[in-house]
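Trainee: Following this message is one structure expressed as structure tokens.
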Amino acid sequence: MSKQLKNADLFADADWLAWFDGSAKPNPGTCRLACILKGKNGEHFSRSQHIGYGDSSDAEYQALIAALTLIKQHVNPSQAESVLLRGDSQVVIHDVLGPEAKASARLVEYRQKAQALLSLLPAVRLKWIPRHKNTEVDALMRNNIDIKN
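Numbering-wise (full-length UniProt numbering), the sequence shown opens with residue 1 and increments by one.
As structure tokens, then:
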């Protein structure tokens with residue numbers, strides 16, 4: 001299959017695709033995040049960094065916020081470009097999309113920040129994917145771990 005056909009299939013649901021992932025090692029421990037944003041015209045942006053001490057929920061929420069910030073920086077909302085943002089944290093995605101916070105009270109600030117960013121980005125759809133399908137952003141985060149340690 002040609003690269004052009006694969007790209008068309010990949011972007012059948014959105015103009016932009018994005019992924020996020022966060023990790024704490026040990027849990028709780030040193031947190032890291034990574035996010036990737038790809039456009040249907042070949043654009044590619046990514047971010048990976050250490051973010052201090054916390055648990056996996058801290059890391060996943062901060063990764064979501066970093067991804068939304070990356071989207072805000074590079075996607076033009078006036079052109080009604082759609083974005084499909086995927087992550088492997090059911091807890092964070094369900095918490096952000098739900099009518100009430102379900103995660104612990106200490107995560108409320110993250111939830112509010114993520115929801116505020118989502119309200120500025122109406123074309124963003126947030127979707128959970130299994131960890132084994134979140135491999136590219138996971139590899140970016142793990143490479144950051146290896147480089148920084």
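For each residue, glycine too, the CB sits at the ideal point set by N, CA and C.
1. Given residue 187, which residues of its chain have a CB within under 8 Å of its CB, disregarding the five upstream and five downstream residues?
2. For a test of the three-state rule: what should DSSP assign to residue 58, helix, strand or coil?
3. Are the region 86-96 and the region 124-140 touching by the rule of at least three beta carbon pairs closer than 8 Å?
4. Within a Cβ cutoff of 6 Å, which residues of the same chain sit near residue 20, ignoring the five residues on either side of it in sequence?
5. For residue 38, is the classification buried or exposed, using 16 other Cβ atoms within 10 angstroms of its Cβ as the cut-off for buried?
6. Could you tell me which whole beta strand (DSSP E) segments of length 3 or greater appear in the region 33-113?
7. At the level of alpha carbons, what is the spacing between residue 16 and residue 81?
8. Where do the ends of the beta strand (DSSP E) carrying residue 121 lie?
9. Assign residue 104 to buried or exposed, taking buried as 16 or more other Cβ atoms, counted over all protein chains shown, within 10 Å of its Cβ.
Mentor: Looking at the coordinates:
1. Any question about residue 187 goes unanswered here, given that the chain covers just 1 to 149.
2. Residue mapping note: residue 58 aligns to position 58 of the sequence shown, counting from 1. The DSSP-derived three-state label of residue 58 is helix.
3. Touching, yes, given that three or more Cβ pairs across the two stretches are closer than 8 Å.
4. As a position in the sequence shown, residue 20 is number 20, starting the count at 1. Counting only Cβ-Cβ distances below 6 Å, and skipping sequence neighbours, we find 35, 63, 64, 67, 87.
5. Along the sequence shown, read from residue 1 onward, the residue named residue 38 stands at position 38. Here residue 38 is buried. Its C-beta has 16 or more other C-beta atoms within 10 Å.
6. For the beta strand (DSSP E) assignment, the uninterrupted runs of no fewer than 3 residues enclosed by the region 33-113 are, from N- to C-terminal side, 44-54, 83-87.
7. On the sequence shown, residue 16 is found 16 positions in, with the first residue counted as 1. On the sequence shown, residue 81 is found 81 positions in, with the first residue counted as 1. Across the structure, residue 16 and residue 81 are spaced so that their CA atoms are roughly 7 Å apart.
8. Numbered from its first residue, the sequence shown carries residue 121 at position 121. Element bounds for residue 121: n/a, residue is neither H nor E.
9. Here residue 104 refers to the residue found at position 104 when the sequence shown is read from its first residue. By the neighbour-count rule (16 or more Cβ atoms within 10 Å), residue 104 is not buried but exposed.
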